[in-house]
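Structure, as structure tokens:
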Amino acid sequence: MRALSHGWAWLLLFLVSIWMTDTAAFFVGSRLKGPKLWPDISPGKTISGAIGGLVGGVIGALLFGLVFLPGHSVWQFMSLGFISSIAGQLGDLIESAYKRTAGVKDSGHLLPGHGGILDRIDSLLFAAPFAYYLIIIGFPNGLL
Numbered sequence: 010m011r012a013l014s015h016g017w018a019w020l021l022l023f024l025v026s027i028w029m030t031d032t033a034a035f036f037v038g039s040r041l042k043g044p045k046l047w048p049d050i051s052p053g054k055t056i057s058g059a060i061g062g063l064v065g066g067v068i069g070a071l072l073f074g075l076v077f078l079p080g081h082s083v084w085q086f087m088s089l090g091f092i093s094s095i096a097g098q099l100g101d102l103i104e105s106a107y108k109r110t111a112g113v114k115d116s117g118h119l120l121p122g123h124g125g126i127l128d129r130i131d132s133l134l135f136a137a138p139f140a141y142y143l144i145i146i147g148f149p150n151g152l153l
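With my numbering applied, the sequence shown covers 10 to 153.
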């Protein structure tokens with residue numbers, strides 16, 4: 010991503026979207042509670058948290074893009090935030106499913122209390138290809 014025109018800004022926009030998704034999902038899910046998203050795989054995640062995360066990821070991408078990528082479309086920022094948020098949350102669920110299948114709670118012990126390194130980067134790893142190809146294929150003229 011960073012090799013593209015304004016690549017560092019697009020990369021940071023992607024990271025902001027993922028981080029805002031995780032943060033908003035945690036706070037909204039903790040506050041509103043409600044039905045679980047997929048209790049067998051990730052018992053702490055709620056539907057309200059997933060929706061809050063999606064909204065947070067889109068808003069984070071939009072605000073970052075408006076400030077650091079002037080001249081680009083609002084729809085580019087929002088679509089990148091949307092795709093990154095959905096893919097990131099899906100990546101987190103898939104990694105949780107792998108752990109449940111393996112019968113382990115954490116993916117490692119390097120970061121105590123955080124579930125391991127893979128738990129910290131699962132969203133990024135899964136969402137990055139989606140974000141990259143959205144940028145390359147979805148709006149190539151906007152990156153010139």
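Using N, Cα and C, we set each Cβ at its ideal position, and we do this for glycine too.
Since this is a predicted model, take the numbers as computed values, not measurements.
Check your understanding: Considering only the beta carbon of each residue, do G43 and S57 sit closer than 9 Å?
Key -> In this structure, S57 lies closer than 9 Å to G43 by Cβ.
Practice item. Helix, strand or coil for K42, going by three-state DSSP, please let me know. Key: Coil at K42, not helix or strand.
Review point. Counting only runs that start and end within the segment 34 to 108, where is the beta strand (DSSP E) found for 3 or more residues in a row?
Key: If you keep only unbroken beta strand (DSSP E) runs of at least 3 residues inside the segment 34 to 108, you get 45 to 47, 51 to 55.
Check your understanding: Does the distance from the C-beta atom of L13 to that of I145 stay below 9 Å?
Key -> Yes, the Cβ-Cβ distance between L13 and I145 is below 9 Å.
Practice item. Pick out whichever of D49, P48, L24, K54 has its Cα sitting closest to the Cα of V37. Key: Measuring from the Cα of V37, the nearest candidate turns out to be K54.
Practice item. Taking only the alpha-carbon atoms, compute the straight-line gap between L99 and L119 and give it to the nearest angstrom. Key: One C-alpha to the other measures close to 23 Å.
Review point. Which residues mark the beginning and the end of the alpha helix (DSSP H) in which F148 is found?
Key: Neither: F148 is in no alpha helix (DSSP H) and is coded neither H nor E.
Point to revise | Spatial distance of L24 from L133 (CA atoms) | key: Answer to the nearest angstrom: the Cα atoms are 8 Å apart.
Review point. Would DSSP call V113 helix, strand or coil?
Key: Coil at V113, not helix or strand.
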